[in-house]
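Worksheet: one structure, shown below.
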Amino acid sequence: MPKITLPDGSVREFDKPVSVADIAMDIGPGLAKAALAGRVAGELVDTSYVVSDDAEVALVTERDDDGLEVIRHSCAHLMAQAVQRLFPKAQVTIGPVIEDGFFYDFAFERPFTPEDLEAIEKTMKDIVKEDLQVERSVMSRADAVAHFKSIGEEYKVEIIESIPGEEELSFYKQGDFMDLCRGPHVPSTGKFKAFKLTSVAGAYWRGDANNAMLQRIYGTAWGSKADLKLYLQRLEEAEKRDHRKLGKQLELFHFQEEAPGMPFWHPRGWILYQAIQDYMQQVQRKHDYKEINTPQLVDYSLWEKSGHAAKFADEMFSVESDNRMYAIKPMNCPCHIQVFNQGLKSYRDLPLRLAEFGSCHRYEPSGSMHGLMRVRSFVQDDGHIFCTEDQIQSEVAEFMDLLFAVYRDFGFDEILLRLSTRPEKRVGSDDLWDKAEQSLKDALNATGLKWELLPGEGAFYGPKIEYSLKDCMGRIQQCGTIQVDFFLPERLGAQYVAEDSSRKTPVMLHRAILGSFERFIGVLIEHYAGAMPTWLSPVQAVLLNITDKQADYVLKTQENLKNQGFRVDADLRNEKVGFKIREHTLQKTPYMLVVGDKEVESGTIAVRTRGGEDLGTMTIDEFSSHLRQDVAQFGRSGAQLESDK
RNA sequence: GCUCGCUUAGCUCAGGCGGUAGAGCACUUCAUUGGUAAUGAAGAGGUCCCCGGUUCAACUCCGGGAGUGAGCACCA
66 MPKITLPDGS
76 VREFDKPVSV
86 ADIAMDIGPG
96 LAKAALAGRV
106 AGELVDTSYV
116 VSDDAEVALV
126 TERDDDGLEV
136 IRHSCAHLMA
146 QAVQRLFPKA
156 QVTIGPVIED
166 GFFYDFAFER
176 PFTPEDLEAI
186 EKTMKDIVKE
196 DLQVERSVMS
206 RADAVAHFKS
216 IGEEYKVEII
226 ESIPGEEELS
236 FYKQGDFMDL
246 CRGPHVPSTG
256 KFKAFKLTSV
266 AGAYWRGDAN
276 NAMLQRIYGT
286 AWGSKADLKL
296 YLQRLEEAEK
306 RDHRKLGKQL
316 ELFHFQEEAP
326 GMPFWHPRGW
336 ILYQAIQDYM
346 QQVQRKHDYK
356 EINTPQLVDY
366 SLWEKSGHAA
376 KFADEMFSVE
386 SDNRMYAIKP
396 MNCPCHIQVF
406 NQGLKSYRDL
416 PLRLAEFGSC
426 HRYEPSGSMH
436 GLMRVRSFVQ
446 DDGHIFCTED
456 QIQSEVAEFM
466 DLLFAVYRDF
476 GFDEILLRLS
486 TRPEKRVGSD
496 DLWDKAEQSL
506 KDALNATGLK
516 WELLPGEGAF
526 YGPKIEYSLK
536 DCMGRIQQCG
546 TIQVDFFLPE
556 RLGAQYVAED
566 SSRKTPVMLH
576 RAILGSFERF
586 IGVLIEHYAG
596 AMPTWLSPVQ
606 AVLLNITDKQ
616 ADYVLKTQEN
626 LKNQGFRVDA
636 DLRNEKVGFK
646 IREHTLQKTP
656 YMLVVGDKEV
666 ESGTIAVRTR
676 GGEDLGTMTI
686 DEFSSHLRQD
696 VAQFGRSGAQ
706 LESDK
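The numbers in the first sequence follow the numbering used here, run straight up by one, and end at 710.
Below is the structure:
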């Protein structure tokens with residue numbers, strides 16, 4: 066006699082075991098139709114699941130996140146069924162849910178074409194019309210293996226054989242299509258309202274480049290057509306913000322064949338780049354970093370000593386000159402240790418914080434490059450802190466304060482933290498790892514923020530924290546990091562004299578806030594859709610004359626503002642003011658300063674923002690104090706400005 | 001690196017069963033001096049990514065390469 070408690074607290078009693086679908090029907094036919102799955106005592110189940118004991122039951126519809134997940138998962142099955150209907154020779158492998166959609170990997174004799182995708186989508190729609198029941202069943206492993214062997218699904222056989230344990234496995238059948246699956250799934254194929262196949266690409270079986278390449282089809286699925294439309298609009302918006310596109314439009318940088326993965330910075334882009342570097346320089350100086358600069362080319366033997374050559378030889382550029390082999394540095398840390406090693410260091414010198422805007426080159430695999438986000442030449446806001454084991458925690462804590470402050474200044478408020486701990490293959494004693502991991506955990510906990518633990522994901526030389534920020538499109542971008550290193554200082558002979566006058570090896574903390582300038586600028590461009598906060602804007606204001614008559618006044622005003630340290634252009638072209646406004650709006654210049662006879666006469670300018678707002682007519686002094694204030698707030702959001710006061 | 005697609009004027013893109021090509025914007029010149037998202041006219045501008053092959057003829061077809069896009073793999 067199950068007593069069912071619904072999420073609103075109401076209780077329904079039944080005189081015999083009931084399925085989730087029965088419960089929905091009991092509440093109302095509308096809900097019965099909308100029900101995609103259920104949640105019984107916290108577990109997500111099919112609507113056919115039978116409840117025989119008292120339980121808390123919630124019905125899952127397309128409006129729940131759970132419902133969406135069920136739709137997407139079932140949609141992957143729907144697609145697989147369509148593919149096999151059209152291409153009986155295609156073997157199914159796996160088809161999970163991903164963010165905003167799903168994919169399914171197939172083994173097929175040839176790649177799928179865009180035309181195939183259309184046909185598949187059409188067949189999917191046919192199957193939706195057929196409204197096939199989706200039925201769950203269980204089978205023993207042996208039976209399942211025999212079944213899939215008999216129909217030639219070798220990959221499924223491999224999957225089943227790799228599932229540990231002897232318990233029964235669940236299967237879902239719709240029409241003539243059956244797939245191994247944990248479920249739950251929608252009750253019938255008629256439940257899909259909005260889906261679209263988006264792309265096709267190769268993907269390795271089991272994610273291993275040594276395995277066969279499968280054909281992966283991506284799709285997206287939503288609870289309603291409106292949601293699908295919103296999603297497609299979001300993709301369009303992301304495309305508009307693409308930093309590669311904006312980089313060209315705003316004349317920030319370009320790439321060309323002769324230097325793949327290595328940006329050519331244009332005047333405007335370089336101003337942006339330098340504004341960021343100036344800022345970082347200032348901030349780091351304030352936090353007692355000593356900035357240094359080390360060579361681009363370093364004899365290959367150093368990289369052999371550091372151990373990098375053994376691991377990354379293929380990814381390093383090298384140069385031969387005068388019978389010596391040099392590597393173009395792929396990272397700065399070995400060089401920083403060389404600086405540390407000059408002169409005898411005392412424990413009194415620690416912590417020693419060395420920073421470098423170090424230009425590095427790495428031969429990234431061709432397929433991995435992506436605009437500024439992944440390049441072959443880049444500059445890191447790199448820093449290495451040499452300290453004692455006891456100083457790790459305070460150094461990490463201090464670094465995190467700095468990192469949060471910097472991210473806030475760039476306009477990022479939401480930061481994700483992840484701690485990666487000891488991997489199986491590692492150097493250093495367990496005591497040392499215990500201590501280092503604990504230091505990082507303490508520093509993380511001190512922030513009061515949630516953080517994620519990635520056990521075993523640390524580097525072989527020490528644990529690390531990675532900092533990702535969420536941009537305004539909700540995308541997660543990994544930028545900063547701090548890594549404890551027990552290995553390299555010893556390997557490269559770094560030592561200091563301790564209080565007891567013994568020689569000890571310092572711990573090294575590798576750290577970066579922005580990561581690489583290139584990548585960070587890519588993130589900034591997309592976050593701001595190219596409309597940089599004023600402090601970063603390549604041009605902060607542009608003066609527009611209405612007729613030639615105001616040219617002298619414009620030039621004088623430009624000179625005045627430039628002398629105050631602002632980046633101000635003058636657009637004296639023989640064009641109508643509407644045309645100039647349009648152009649500078651498209652160039653995302655924060656302020657447009659219109660000058661006509663009236664303004665010349667009264668010694669003022671008419672100020673318009675790139676957002677189209679009219680700030681009215683003001684004197685040059687009034688404007689420059691407005692601009693100064695705008696620049697001083699960096700990219701910080703309004704809320705934080707309040708707390709800063 | 002792997003799979004598939006793409007590469008035509010400075011930019012965004014058309015185009016043709018194989019007969020060397022076009023638009024808009026930008027650029028130059030001229031007219032116009034116009035008050036908040038495009039003033040008008042004329043002109044100039046091309047190794048159709050590169051190297052081979054097939055062909056009377058290749059931007060177009062075939063082979064190889066480069067770059068690039070999506071995804072996979074990689075990311076000290």
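In this text, a Cβ means the ideal position worked out from N, Cα and C, and glycines have one as well.
Going by DSSP, what residue range makes up the beta strand (DSSP E) through Gly267? Ala259 to Tyr269
Mind checking whether Pro252 and Ser113 have CB atoms under 8 angstroms apart? yes
Within 8 angstroms, do at least three Cβ pairs link the region 584 to 600 to the region 691 to 702? yes
Please classify Gln407 as buried or exposed, where buried requires at least 16 other C-beta atoms within 10 Å of its C-beta. exposed
Mapping DSSP to helix, strand and coil, what is Ser566? coil
Check whether Val135 and Val105 have beta carbons under 8 angstroms apart: no
Buried versus exposed, by CB contacts within 10 Å (16 or more), Phe329: exposed
Can you list the beta strand (DSSP E) stretches of 3 or more residues lying completely in the region 354 to 398, in chain order? 362 to 364, 383 to 386 and 389 to 393
Suppose contacts are defined by Cβ-Cβ distances below 8 angstroms. Is Lys310 in contact with Thr285 by that definition? no
Any idea what DSSP makes of Glu583, helix, strand or coil? helix
Just curious, the alpha helix (DSSP H) that Thr650 is in, first and last residue? Val642 to Leu651
Let's see if you can read the secondary structure: which residues bound the beta strand (DSSP E) around Phe168? Gly166 to Ala172
What distance in whole Å lies between the Cβ atoms of Trp368 and Ala392, which are believed to be in contact at a cut-off of 8 angstroms? 5 angstroms
Runs of 3 residues minimum, wholly inside the region 311 to 360: which ones carry the beta strand (DSSP E) assignment? none
If you drop the 5 nearest sequence neighbours on each side, which residues of the same chain put their C-beta closer than 6 angstroms to that of Gly493? Phe551
Cα-Cα separation between Ile224 and Asp273, rounded to whole angstroms: 15 angstroms
Selection from Ala209, Glu200 and Gly523 that minimises the alpha carbon distance to Gly248: Glu200
How long is the line joining the alpha carbons of Ser708 and Pro229, rounded to whole angstroms? Note that Ser708 scores 31 on pLDDT, short of 50, meaning its location in the model is unreliable; the coordinates nonetheless yield the value given after this. Each residue's alpha carbon lies about 55 angstroms from the other.
Note the first and the last residue of the continuous beta strand (DSSP E) segment covering Phe688. From DSSP, Phe688 is part of no beta strand (DSSP E) but of the alpha helix (DSSP H) over Ile685 to Ala697.
Please confirm whether Gln605 and Tyr561 have their CB atoms less than 8 angstroms apart. no
Write down the C-beta distance between Leu534 and Phe477 rounded to the nearest angstrom, noting that I regard them as a contact closer than 8 angstroms. 4 angstroms
Give the range of the beta strand (DSSP E) segment to which Thr669 is assigned. Thr669 to Thr674
CA-to-CA distance, Asp447 to Leu417, given in whole angstroms: 14 angstroms
Secondary structure of Glu232, DSSP reduced to three states: coil
For Ala704, does the three-state DSSP call read helix, strand or coil? Residue placement at Ala704 cannot be trusted, given a pLDDT of 43 that sits under 50; what the coordinates show is reported in the next sentence. Reduced to three states, the DSSP call for Ala704 is helix.
Residues that DSSP places opposite Asp679 in a beta bridge: Arg673
List in chain order: all unbroken beta strand (DSSP E) runs of 3+ residues lying wholly within the region 519 to 548. 529 to 535
Opposing strand residues paired with Asn610 [DSSP bridges]: Val660
Alpha carbon to alpha carbon, how far is Gln615 from Asp662? Give it in angstroms, no decimals. 7 angstroms
Considering only the alpha carbon of each residue, which of Asp196, Tyr283 and Gly423 lies closest to Phe177? Tyr283
For the region 437 to 520, list the alpha helix (DSSP H) runs that are entirely contained and at least 4 residues long, ordered along the chain. 457 to 474 and 495 to 511
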